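A.B. asks: Pasting a structure below so you can have a look.
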Amino acid sequence: MSREAFHLLLDRYLQGKCTDEEKRIVEELYGMLDKQDLEEINSREINTMEQKLWDRIHVDISNPDVVTTPLAEPAKRRSPVIWTGIAAAVAGFLIITGYLFFKEENQVPIFLTPASAQLVKECTNTSGKQEKIIFEDGSSVILEANSVLRYPAHFSAENREVTLEGAGFFQISKDASRPFMVYSKDVVTKVLGTSFMVNTNASGKVTEVSVRTGKVQVSPVAGRLAIVKGILGTDKVVLLTPNQKAVFSNDQKVFERTLVNNPEPVYAIANKADKEEVKDLFSFNDAPLTEVISRFKKAYGIDFIIDDQALYNNTFTGDLSEQSLYNRLDFLCESIKASYEISGTSIIIKNKK
2 MSREAFHLLL
12 DRYLQGKCTD
22 EEKRIVEELY
32 GMLDKQDLEE
42 INSREINTME
52 QKLWDRIHVD
62 ISNPDVVTTP
72 LAEPAKRRSP
82 VIWTGIAAAV
92 AGFLIITGYL
102 FFKEENQVPI
112 FLTPASAQLV
122 KECTNTSGKQ
132 EKIIFEDGSS
142 VILEANSVLR
152 YPAHFSAENR
162 EVTLEGAGFF
172 QISKDASRPF
182 MVYSKDVVTK
192 VLGTSFMVNT
202 NASGKVTEVS
212 VRTGKVQVSP
222 VAGRLAIVKG
232 ILGTDKVVLL
242 TPNQKAVFSN
252 DQKVFERTLV
262 NNPEPVYAIA
272 NKADKEEVKD
282 LFSFNDAPLT
292 EVISRFKKAY
302 GIDFIIDDQA
312 LYNNTFTGDL
322 SEQSLYNRLD
332 FLCESIKASY
342 EISGTSIIIK
352 NKK
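Here our numbering is used: the first residue of the sequence shown is 2, the next is one more, and so on.
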């Protein structure tokens, strides 16, 4: 296969015009790439990337009897002529695929695109204290000091978009027909109606999104082209619920999902529970551990896991209404001779060793 012919084949693949057999061949060739190598190579080092693949192809050609494909098909025999054609095709394929792999699509809010005629408002908080901004739909943000917010004078009929540099706590009015989207340096936060915090540290390398109420979807601002997303599965979307947070590292290009530093009782917030209701919820008198954990789950929306079934034989008596979550856990675990640890977005309770 000539370089020109392969380019035409890839072009048809990108347009979705390949036959099933042609599609299989393209994806089989891509399966020869070492994705770990690709992740380590800078987008400008196309020649280095080509050499890595070329070396691997020559190793495979030296043993043409067995070919491992990403489709997990039975081993096939290929003639040296066919292997030479594949090797030549891959050289051209690598340059294009490498470009596709490293090229990123940056999501840009519609009101900031050249085609938009929207009047853009900008608020820079130089007051040294928090500043509250209320949008036309009733949503609001408490903007932290030295933070910058940009938003259109009027939201569109399809969505509500703003950009944020720094930190801000958002409370969003529900509107199922128009999602609210916050664009920070590296992360897009999408909601329908909830309250959450977005914070990009001073270096701009880490963005943290934490949820107080409702559900939030976060994804990177920059994403791989659709074809590479499909092949590699690199389209990263993280869903967050109350008391969860996602930390995005610009260096690693990954989200770490865990619990917020100080979880708050979601039950009390959602139901506007007064102090007496909270006191009743966290006051126990010889209560089985199953009941204690059930109330914790109800209050915080967090998954609590009992690691050792023997712990279920314990009961607990005490008033934990004035304590934070982790203080409550400290008292509970001390009483039943257990310990706890945070694992992702869950809390595991186990026997103390």
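The beta-carbon is built from N, C-alpha and C at its ideal position, and this holds for glycine as well. Remember, predicted model here, so these are calculated numbers, not experimental data.
Under 7 Å between the Cβ atoms of GLY169 and SER148?
C.D. replies: As a working note, residue 169 is residue 168 in the sequence shown. As a working note, residue 148 is residue 147 in the sequence shown. Closer than 7 Å, so yes.
A.B. asks: Which word fits GLU361, buried or exposed, when buried means at least 16 other C-beta atoms lie within 10 angstroms of its C-beta?
C.D. replies: Given a span of 2 to 354 for the chain in the structure shown, any question on residue 361 remains unanswerable.
A.B. asks: By a C-beta neighbour count over all protein chains shown, 10 Å radius and 16 as the cutoff for buried, is SER211 buried or exposed?
C.D. replies: By one-based count along the sequence shown, residue 211 stands at place 210. So SER211 ends up on the buried side.
A.B. asks: Compare the C-alpha of GLU323 against each of PHE181, GLU278, ASP309, SER174 and name the closest.
C.D. replies: Here the question's residue 323 lines up with position 322 in the sequence shown. Checking every option, the nearest Cα to that of GLU323 belongs to GLU278.
A.B. asks: For the alpha helix (DSSP H) that contains ASN328, what are its first and last residues?
C.D. replies: Taking the first residue of the sequence shown as 1, we reach residue 328 at position 327. It spans 326-337 - the alpha helix (DSSP H) in which ASN328 sits, taken as one unbroken run.
A.B. asks: What is the rounded straight-line gap between the Cα of GLY205 and the Cα of CYS124?
C.D. replies: For the purposes of this step, residue 205 is identified with residue 204 of the sequence shown, where counting begins at 1. For the purposes of this step, residue 124 is identified with residue 123 of the sequence shown, where counting begins at 1. If you take the alpha carbons of GLY205 and CYS124, they lie about 19 Å apart.
A.B. asks: Where does ARG57 fall in DSSP's three states?
C.D. replies: Here residue 57 corresponds to residue number 56 of the sequence shown, with the count starting at 1. Because the pLDDT at ARG57 is just 48, under 50, the model does not fix this residue reliably, and the point stays unresolved.
A.B. asks: So, helix, strand or coil for GLU137, using DSSP?
C.D. replies: One-based indexing of the sequence shown puts residue 137 at position 136. In the structure shown, GLU137 sits in coil (DSSP, three-state: anything other than H, G, I, E or B).
A.B. asks: Quick check on ILE135: buried or exposed, where buried means 16 or more other Cβ atoms within 10 Å of its Cβ?
C.D. replies: Taking the first residue of the sequence shown as position 1, residue 135 is located at position 134. That one is exposed.
A.B. asks: Which residue from THR346, PHE283, VAL219 puts its Cα closest to that of ASN263?
C.D. replies: Start at 1 with the first residue of the sequence shown, and residue 263 comes out as number 262. Selected option, being the one with the closest Cα: THR346.
A.B. asks: Alpha carbon to alpha carbon, what distance is there between PHE305 and SER344?
C.D. replies: Looking up residue 344 in the sequence shown gives position 343. Looking up residue 305 in the sequence shown gives position 304. Between SER344 and PHE305, the C-alpha separation is close to 10 Å.
A.B. asks: Out of GLU265, GLY319, ILE294, THR291, which one is the CA nearest neighbour of LEU326?
C.D. replies: Translated into the one-based positions of the sequence shown, residue 326 becomes position 325. Nearest C-alpha to LEU326: GLU265.
A.B. asks: Between which two residues does the beta strand (DSSP E) carrying GLU292 extend?
C.D. replies: Residue numbering aside, residue 292 sits at position 291 when the sequence shown is read from its first letter. Here GLU292 belongs to no beta strand (DSSP E); instead the alpha helix (DSSP H) covers 290-301.
A.B. asks: Going along the chain, which residues of its own chain have a beta-carbon closer than 6 Å to the beta-carbon of ASN315, five neighbours each way excluded?
C.D. replies: Taking the first residue of the sequence shown as 1, we reach residue 315 at position 314. Cβ contact annotation for ASN315 (same chain, cutoff 6 Å, sequence separation greater than five): LEU290, ILE337, in chain order.
A.B. asks: For ILE173, which of helix, strand or coil comes out of DSSP?
C.D. replies: Counting from 1 along the sequence shown, the entry for residue 173 is found at position 172. In this structure, ILE173 counts as coil in the three-state DSSP scheme.
A.B. asks: Can you tell me whether ALA158 is helix, strand or coil according to DSSP?
C.D. replies: Along the sequence shown, one-based indexing puts residue 158 at 157. Three-state DSSP puts ALA158 in coil, outside helix and strand.
A.B. asks: Between which two residues does the beta strand (DSSP E) harbouring GLY319 extend?
C.D. replies: Numbered from its first residue, the sequence shown carries residue 319 at position 318. For GLY319, the enclosing beta strand (DSSP E) has its first and last residue at 316-320.
A.B. asks: Looking at ILE348: is its Cβ nearer than 7 Å to the Cβ of ASP308?
C.D. replies: The residue given as residue 348 occupies position 347 in the sequence shown. The residue given as residue 308 occupies position 307 in the sequence shown. Contact flag unset, no.
A.B. asks: Decide if VAL183 is buried, meaning its Cβ has at least 16 other Cβ atoms within 10 Å, or exposed.
C.D. replies: Reading the sequence shown from its first residue, position 182 is the one you call residue 183. Buried, by the Cβ-count rule.
A.B. asks: Taking the alpha carbon of ILE311 as the reference point, which residue from ASN286, THR242, LYS353 has its own alpha carbon closest?
C.D. replies: Your numbering for residue 311 matches position 310 in the sequence shown. Checking the sequence, you will find Ala at residue 311 rather than Ile. Checked all of ASN286, THR242, LYS353; the closest Cα to ALA311 is LYS353.
A.B. asks: Given ASN48, which residues of its chain have a CB within under 7 Å of its CB, disregarding the five upstream and five downstream residues?
C.D. replies: For the purposes of this step, residue 48 is taken as the residue at position 47 of the sequence shown. In this predicted model, ASN48 has a pLDDT of only 44, less than 50, meaning its place in the structure is not dependable; the value taken from the coordinates is given anyway. Excluding residues within five positions, none has a Cβ falling inside 7 Å.
A.B. asks: Excluding five sequence neighbours on each side, which residues of the same chain lie with their C-beta closer than 7 Å to the C-beta of GLY302?
C.D. replies: Translated into the one-based positions of the sequence shown, residue 302 becomes position 301. Cβ neighbours of GLY302 beyond the five flanking positions: THR242, PRO243, ASN244, VAL267.
A.B. asks: Quick check on ASN202: buried or exposed, where buried means 16 or more other Cβ atoms within 10 Å of its Cβ?
C.D. replies: Numbered from its first residue, the sequence shown carries residue 202 at position 201. Under this definition ASN202 is an exposed residue.
A.B. asks: Using the beta-carbon count (16 or more within 10 Å), is PRO1 buried or exposed?
C.D. replies: Look at the range of the chain in this structure, 2 to 354, and you will see that residue 1 is not part of it.
A.B. asks: Under the rule that 16 or more other beta-carbon atoms within 10 Å means buried, what is SER295, buried or exposed?
C.D. replies: Residue 295 sits at position 294 when you count from the first residue of the sequence shown. Exposed.
A.B. asks: I'd like to check one pair, LEU330 with TYR313: are the Cβ atoms closer than 7 Å?
C.D. replies: Stepping through the sequence shown from its first residue, residue 313 is reached at position 312. Stepping through the sequence shown from its first residue, residue 330 is reached at position 329. Contact: no.
A.B. asks: Output the boundary residues of the beta strand (DSSP E) element that contains CYS124.
C.D. replies: Counting from one through the sequence shown, the residue named residue 124 turns up at place 123. For CYS124, the enclosing beta strand (DSSP E) covers residues 121-125.
A.B. asks: Please list, in chain order, all residues of the same chain as PHE156 whose beta carbon is under 8 Å from its beta carbon, the five residues on each side excluded.
C.D. replies: Position 155 of the sequence shown, counted from the first residue, corresponds to residue 156. Once the five neighbours on either side are set aside, the close Cβ partners of PHE156 are PHE136, GLU137, ASP138, GLU162, ARG179.
A.B. asks: Would you kindly report the start and end of the unbroken beta strand (DSSP E) that includes THR190?
C.D. replies: The residue you call residue 190 lines up with position 189 of the sequence shown. Element bounds for THR190: 188-192.
A.B. asks: Out of ASN328, SER117, ALA339, ALA146, state which residue places its alpha-carbon closest to the alpha-carbon of ASN126.
C.D. replies: Taking the first residue of the sequence shown as 1, we reach residue 126 at position 125. That would be ALA146, whose Cα lies nearest to the Cα of ASN126.
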